[in-house]
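Per the working numbering, the very first residue in the sequence shown carries number 16; after that it's consecutive.
Heads up, the beta-carbon is just placed ideally off N, CA and C, and yes, glycines get one too.
To start, the structure under review is shown below, and the notes come after it.
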Amino acid sequence: MKKYHVYGLGNALVDTEIEVTDSNLNELSIEKGLMTLVDEERQHFLLSNLADHMVMSKRACGGSAANTVISLSQFGGKSFFSCKVADDENGHFYMQDLAENGVDHNADAQISQGITGKCLVMITDDAERTMNTFLGTSTELSSNDLDGSAIKNSEYLYIEGYLVTGDSARQAAIEAVDVARQAGTKIALSLSDPGIVEYFRAGLQEIVGDGIDLLFCNEQEALNWCDTDNIDQALEKLQDTAKHFVVTRGSNGSVVFDGNEYLTAPAQPITAVDTNGAGDMFAGAYLYGITHGHNSLSAAVFANRAASAVVGQYGPRLHSAEYDGLKEGLK
């Protein structure tokens, strides 16, 4: 038996969540519904213009893969996370928050220079999330930050697609995949964002190589990746990318290909407040399910319930007691 259920690799970002209107986004020339990389000056400008819209005052360590491995850990799984932060207040906070959530991490994650990455998450009244991200020291994530022993001792390596935006981070992801393949560790990838698929396809293809074990994406990401506007065609083409994949479709639930057949997990009815972190929670819950003896359909139903719980509140995490309550329904 391996020590970890999931080894995550991703950007380390301290999140600030803000409630905005479509008019706010238009006035500040922010493209709705996507993740956009910005420099620190631009992020400061946005924060100063939206300071009276603050929703959450409590910081939390974030980033897509981090949210996923934290959710898996909160459900009771064992996880490891490799990232890069600065030796600043946010960096120290980030490492402490990871540890408090039961996530092991690379010992040399902190560097003395630079600024820890930050993500401004803007939520409109239709629950859509728009992110402007300053990566900070996450751009320096490299192969040196990988823990080969932990990758080999994990059931899954989980990579967030956002890593393709930086040369060093992309190379780290490619090397992590090589280590995993040699060790028999399964490889999972999240496409992360429609814009990532559109503008960084070549980098994602480098990570995928001849194919991976498990792919997570939403419907628009699937369509973009397969260069089609027909979801049935996309589902067929995804078999060229992954042996096993899950496509989330919002109110239409999720479609799973388990390697043999397509399975449909119905959506859980919920009034959405904030979709930030829904995909990350889905991936964490799904990975927890399949690494704890449950079949793909049961894991997808469980993941839909977990994601619905997240979108019904602000922020990408649940209260500790809610994880236990959700897990009781995993069959």
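In terms of Cβ geometry, G23 and A80 form a close pair [threshold 9 Å]. For A203, the uninterrupted beta strand (DSSP E) run begins and ends at K201 to S205, by DSSP.
By the C-beta density criterion, S323 is buried, having at least 16 other C-beta atoms within 10 angstroms. For I45, no alpha helix (DSSP H) run applies, since DSSP gives it neither H nor E.
Within the model, the alpha-carbon separation for V21 versus S169 is close to 6 Å. Taking the C-beta atoms as reference points, S205 is found nearer than 9 Å to A298. Here the alpha carbons of T180 and G218 stand approximately 8 Å from one another.
Comparing alpha-carbon positions, the option among L49, E213 and Y19 lying closest to K93 turns out to be Y19. Here I227 is near T256, since their CB atoms are less than 9 Å apart. The beta carbons of E34 and H68 sit about 5 Å from each other, so the pair counts as a contact at 8 Å. Spanning the alpha carbons of A142 and D295 requires a straight line of approximately 16 Å. Pairwise C-beta distances place the segment 171 to 186 out of contact with the segment 131 to 138, as fewer than three of them are shorter than 8 Å. Sorting D162, T145, S86 and N105 by C-alpha distance to the C-alpha of N121 places D162 at the top. Rounded to the nearest angstrom, the Cβ distance from K258 to C241 is 16 Å, too far for a contact under 8 Å. The beta-carbon separation of V194 and K167, rounded to 7 Å, stays under the 8 Å limit for a contact. Ranked by Cα distance from M146, the options T152, S158 and Y177 are led by Y177. By the Cβ-count criterion, A336 is exposed, with fewer than 16 other Cβ atoms from all chains shown falling within 10 Å of its own Cβ. Taken in chain order, the whole beta strand (DSSP E) runs of length 3 or more contained in the segment 82 to 153 are 94 to 97, 118 to 120, 132 to 138 and 144 to 149. With fewer than 16 neighbouring CB atoms inside 10 Å of its own CB, S63 falls in the exposed class.
N233 and Y303 have their C-alpha atoms some 19 Å from each other. Nearest to R144 by C-alpha distance, out of L40, V271 and N319, is L40. DSSP places H307 outside both helix and strand once states are collapsed to three, so it counts as coil. When the five nearest sequence neighbours on each side are left out, the beta carbons in the same chain lying within less than 6 Å of the beta carbon of Q125 are those of V100, D102 and G106, in order along the chain.
The alpha-carbon of A188 is positioned some 7 Å away from that of I222. Rounded to the nearest whole angstrom, the CA to CA distance from A318 to T31 is 25 Å. Contact annotation: L312 and D273 have beta-carbon atoms nearer than 9 Å. Considering only A27, Q111 and M16, the residue with the shortest C-alpha distance to G132 is A27.
Shown here for K47: same chain residues with a beta carbon closer than 6 Å to its own, the five before and five after excluded, namely L40 and T145 in chain order.
About 19 Å separates the beta carbons of V53 and Y109, which is beyond the 8 Å limit, so they are not a contact pair.
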